[in-house]
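Notes follow the structure.
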Amino acid sequence: MANIHDNPTRNAWMAKIATLDTLAKAHAFITDFRAKHMSPFKTDWSLELDGLWIELKIEEKLALLKHKEFNDTQLLNNCTCGANAQQVANEVIVKMEACTDMYEAERIHINFRLACKPPVMPVNVFLDTDRLLGTKLMELRNTDYYALPLEELRKKRGVKVVTLQ
395 MANIHDNPTR NAWMAKIATL DTLAKAHAFI TDFRAKHMSP FKTDWSLELD GLWIELKIEE
455 KLALLKHKEF NDTQLLNNCT CGANAQQVAN EVIVKMEACT DMYEAERIHI NFRLACKPPV
515 MPVNVFLDTD RLLGTKLMEL RNTDYYALPL EELRKKRGVK VVTLQ
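Number 559 marks the last residue of the sequence shown (the working numbering); no jumps.
Given below as structure tokens:
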């Protein structure tokens with residue numbers, strides 16, 4: 395009986411994921427994958443149906459390699475790139491605290507999530523940092539975000555309206 399998750403796209407990605415044999419390779423792979431396929435700023439729309447499933451499989455592989463290569467202290471304190479997670483978090487928090495533009499704050503928050511979403515960053519550091527960034531973003535958005543007419547809001551956000559014919 396065929397597995398519901400089997401399809402040529404997923405199979406091709408599973409073959410790529412299977413070649414990942416070091417934490418460094420897996421870290422670079424997931425970072426690149428998220429930027430190209432999972433971001434609001436993505437450059438490739440080919441994985442609309444399978445992207446989340448493929449990301450999950452990359453995350454599984456990354457987590458296994460992280461467990462294999464890191465000791466207990468590193469698991470709780472380091473990102474998969476080897477950087478100290480709290481230092482990475484502190485840098486982005488300082489950047490967000492200095493931010494006064496809600497659109498730039500959105501970009502900071504989105505880029506943080508793309509770069510650091512677990513298993514890249516330990517959950518204990520990621521969640522607290524994400525909370526702080528989200529709080530600042532909501533404070534910046536809170537003043538009349540929806541008061542702009544739709545066309546002006548689209549213009550400020552750089553939205554390109556696509557119509558299907």
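Where is the CB? At the ideal position from N, CA and C, for every residue including glycine. This one's a predicted model, so the numbers in the text were calculated from it and none came from an experiment.
The alpha helix (DSSP H) enclosing residue i, as first and last residue numbers
| i | result |
| --- | --- |
| residue 405 | 402 to 412 |
Beta-carbon separation (whole angstroms), residue i vs residue j, contact threshold 8 Å
| i | j | result |
| --- | --- | --- |
| residue 408 | residue 508 | Not really, about 22 Å apart at Cβ, beyond 8 Å. |
| residue 439 | residue 404 | Not confirmed; about 17 Å, so no contact. |
| residue 496 | residue 527 | The Cβ separation is near 12 Å, so there is no contact. |
Under 8 Å between C-beta atoms of residue i and residue j
| i | j | result |
| --- | --- | --- |
| residue 547 | residue 474 | no |
| residue 486 | residue 502 | yes |
| residue 456 | residue 421 | yes |
| residue 435 | residue 449 | no |
| residue 542 | residue 550 | yes |
| residue 477 | residue 523 | no |
| residue 459 | residue 521 | no |
| residue 452 | residue 411 | yes |
| residue 499 | residue 531 | yes |
Residue from the options whose Cα sits closest to the Cα of residue i
| i | options | result |
| --- | --- | --- |
| residue 517 | 558, 472, 544 | 472 |
| residue 519 | 479, 460, 435 | 479 |
Task: Length at least 4, wholly inside the segment 510 to 555: the alpha helix (DSSP H) runs in chain order - done: 517 to 535, 544 to 551
Open item on the list: To test your reading of the DSSP string, which unbroken alpha helix (DSSP H) runs of 4 or more residues are found completely within the segment 400 to 487?
Closed with: 402 to 412, 417 to 427, 445 to 463, 466 to 471
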